[in-house]
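First the structure, in the form of structure tokens, and then the observations on it.
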Amino acid sequence: MSFIGRHVLIVGTGLVELAAQALEGAVIETATAETFRGRWTHGEAPELVLIEATGASVEHLAEAIAAVGRAPSPPPTLLVGAQLPVGLVRALMRLPRSDVLEAPFSTEDLAAAAAPLMSPHVTPAHDAPSRCWTVMGAVGGSGATTVAMEIACALAGRMPGPRRVCLIDLNIADGAAAAYLGAPANMLLSRASQAPERIDASLLDAFVSQAPGGIDLLASARDCHAFDTTSSEAVLRILEVACQVYDAVVVDAPRHRRAWTLDVLSGSDELLVVSELTVPALLAARSLASEIETELPDGPPPRILLNRLAKRVFGPAPSMVEAEKALQRRAVGGITSDWEAAAASANLGGPIAQHRPKSRIVKDVGDLVDKLLASPAVRGDQARVA
Ligand SMILES: Nc1ncnc2c1ncn2[C@@H]1O[C@H](COP(=O)(O)OP(=O)(O)O)[C@@H](O)[C@H]1O
Ligand SMILES: [Mg+2]
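Residue numbers for the sequence shown, in the numbering used here: 2 to 387.
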């Protein structure tokens, strides 16, 4: 594994030279056990905290470990030293990711202990299972891609730290997420389809690009044959691996049924059907939702999200109440229309949350995300209102 550019914080001073050799290319910062309070430079957590037991008191070491544990997303921590007190080791083991390295050790030993801790692919950041939220438009242009992108950014804001949230654009022939975000589209799924069993965390790594808004993106470059040349195994495997690597995965799913659609939907924890407030869109949302309920009775209940709500002053646009009547069910939420913010962000490349953080869209998406986090969908629960 390469340590180039990876951020490592060493609590202690005796190890710096050895660590610089072992973790070649890593960006190393230091602190002392006496002064370390778990605050990171620029607020960004290091990818590894190396705590040196030699030369510091047990109290200070215990305080340093506790300080790491108080971080919102505690970074992996490696405690090194000889004859480490059991109490200290037990405190360390309570961190989500940690290990101990007994002195004396070589640079190779240190690299071998650090690598699995720093690899996000091997151990999930916490024991909770990853969340997978799928977004699907009821009709074209209803705002599914926009909503998926903003949801991913809102989740990333609520889960600070690197590699927490991944947006996967499964519109593999002509997806727009990469263009909206101004990020590269590096996912080569049709090539990976030739050997889907080889799709693993390192291949995923090669496919991922970093997008503004603190999210990772899996998206394919335009390819009109992609749906014919990509196998279901490859699509499902990439999703599975992404769910192992990330805390949250948001899928922008195509509207048209593919061989893998039902598997993707049934593997999701939340399923959002995005509709706009026109009668045809509402009717399409209603049919799509009932179709999914019939086919996946034990799957996540589809929840309808109304997008581009406008203040109704004049005109025949249905209100939210009228919309729910047409849908014959409650909507999970509504997103206000803000064309200026949506267009400006797409043109600049990046989420609305970044370019127009004060837009109502950002607030509405934030409220939706909080609501979904607070009351997750119950599988097989069809919340229909007549
Ligand atoms: N809440 C909103 N307010 C204003 N414009 C929006 C909103 N949501 C989406 N849009 C715009 O609507 C258009 C279609 O959105 P898009 O996300 O591409 O839809 P879909 O993925 O369902 O085809 C885009 O121009 C987008 O910027
Ligand atoms: Mg789209």
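Heads up, the beta-carbon is just placed ideally off N, CA and C, and yes, glycines get one too.
Whose C-alpha, out of L289, I336, V251 and V280, is nearest the C-alpha of S131?
Taking the first residue of the sequence shown as 1, we reach residue 131 at position 130. Scanning L289, I336, V251 and V280 for the CA closest to the CA of S131 turns up V251.
Just verifying my parser: in three-state terms, what is the DSSP assignment at Q211?
As a first step, residue 211 is located in the sequence shown; it is residue number 210 there, counting from the start. Here Q211 sits in strand by DSSP.
Let me make sure I understand the geometry here. Which of T14, G88, T262 and R361 has the alpha-carbon closest to that of E341?
Locating residue 341 in the sequence shown gives position 340, where the first residue counts as 1. Of the listed residues, the one whose Cα sits closest to E341 is R361.
If T108 sits next to A23, beta carbons under 8 Å apart, how far is it from one beta carbon to the other, in whole angstroms?
Mapped onto the sequence shown, residue 108 falls at position 107. Mapped onto the sequence shown, residue 23 falls at position 22. Between A23 and T108 the Cβ distance is about 4 Å, and since that is below 8 Å, they are a contact.
Express the C-alpha separation of L272 and H226 in angstroms, rounding to a whole number.
Taking the first residue of the sequence shown as 1, we reach residue 226 at position 225. Taking the first residue of the sequence shown as 1, we reach residue 272 at position 271. Distance between the alpha carbons of H226 and L272 is about 27 Å.
Under 7 Å from any heavy atom of ligand 2, does the C-beta of T146 make it?
Here the question's residue 146 lines up with position 145 in the sequence shown. Result yes, Cβ under 7 Å from ligand 2.
Give me the Cα-Cα distance between G56 and Y247, rounded to the nearest whole angstrom.
Looking up residue 56 in the sequence shown gives position 55. Looking up residue 247 in the sequence shown gives position 246. So the alpha carbons of these two residues sit roughly 37 Å apart.
Decide yes or no for the touch test of the segment 157–174 against the segment 210–220: beta carbon pairs closer than 8 Å, at least 3 of them.
yes
Pick from R256, A54 and R71: whose alpha carbon is nearest that of A174?
To locate residue 174, count along the sequence shown from 1; it is residue 173. Of the listed residues, the one whose Cα sits closest to A174 is R256.
Collapsed DSSP secondary structure at D382 in the structure displayed
Indexing the sequence shown from 1 puts residue 382 at position 381. D382 falls in the coil class under three-state DSSP.
Please go through the same chain and pick out, in chain order, the residues whose beta-carbon is closer than 7 Å to the beta-carbon of A68, but skip the five residues on each side of it.
In the sequence shown, residue 68 corresponds to position 67, counting from 1. The answer, listed in chain order, is F37, R38 and G39.
Same chain only: Cβ atoms within 7 Å of L62, ignoring 5 sequence neighbours per side:
By one-based count along the sequence shown, residue 62 stands at place 61. Around L62: A34, I52, A54 and L89.
Tell me the rounded alpha-carbon separation between A46 and A139.
Sequence index remark: in the sequence shown, residue 46 carries index 45 (1-based). Sequence index remark: in the sequence shown, residue 139 carries index 138 (1-based). The straight-line gap from Cα to Cα measures roughly 40 Å.
Could you say if the segment 226–238 and the segment 184–200 meet the contact criterion of at least three C-beta pairs nearer than 8 Å?
yes
As a quick exercise: from L349, S267, K364 and G158, pick the residue whose alpha carbon is nearest that of Y181.
Residue mapping note: residue 181 aligns to position 180 of the sequence shown, counting from 1. Ranking the options by Cα distance to Y181, first place goes to L349.
Heavy atom of ligand 2 less than 7 Å from the Cβ of N172, yes or no?
Counted from its first residue, the sequence shown places residue 172 at position 171. Result yes, Cβ under 7 Å from ligand 2.
Measuring only from the beta carbon, is I177 closer than 7 Å to any heavy atom that is part of ligand 2?
In the sequence shown, the residue the question calls residue 177 occupies position 176. Position check: residue 177 holds Ala in this sequence, whereas Ile was assumed. Yes, the beta carbon of A177 sits closer than 7 Å to at least one heavy atom of ligand 2.
Just to confirm before moving on: does the CB-CB distance between A178 and D253 stay below 8 Å?
Locating residue 178 in the sequence shown gives position 177, where the first residue counts as 1. Locating residue 253 in the sequence shown gives position 252, where the first residue counts as 1. Contact: yes.
Report the CB separation of A193 from L204 in whole angstroms; it is logged as a contact under 8 Å.
Counting from one through the sequence shown, the residue named residue 193 turns up at place 192. Counting from one through the sequence shown, the residue named residue 204 turns up at place 203. Correct: roughly 7 Å between the Cβ atoms.
How big is the Cα-Cα spacing for A336 and S346?
Residue mapping note: residue 336 aligns to position 335 of the sequence shown, counting from 1. Residue mapping note: residue 346 aligns to position 345 of the sequence shown, counting from 1. What sits at residue 336 in the sequence shown is Ile, not Ala. Distance between the alpha carbons of I336 and S346: 16 Å.
Among the residues of its own chain, which have a CB less than 8 Å from the CB of I239, if the five just before and after it don't count?
Along the sequence shown, one-based indexing puts residue 239 at 238. Closer than 8 Å at Cβ, skipping near neighbours: I169, M188, L190, A193, I200, L205, F208 and L219.
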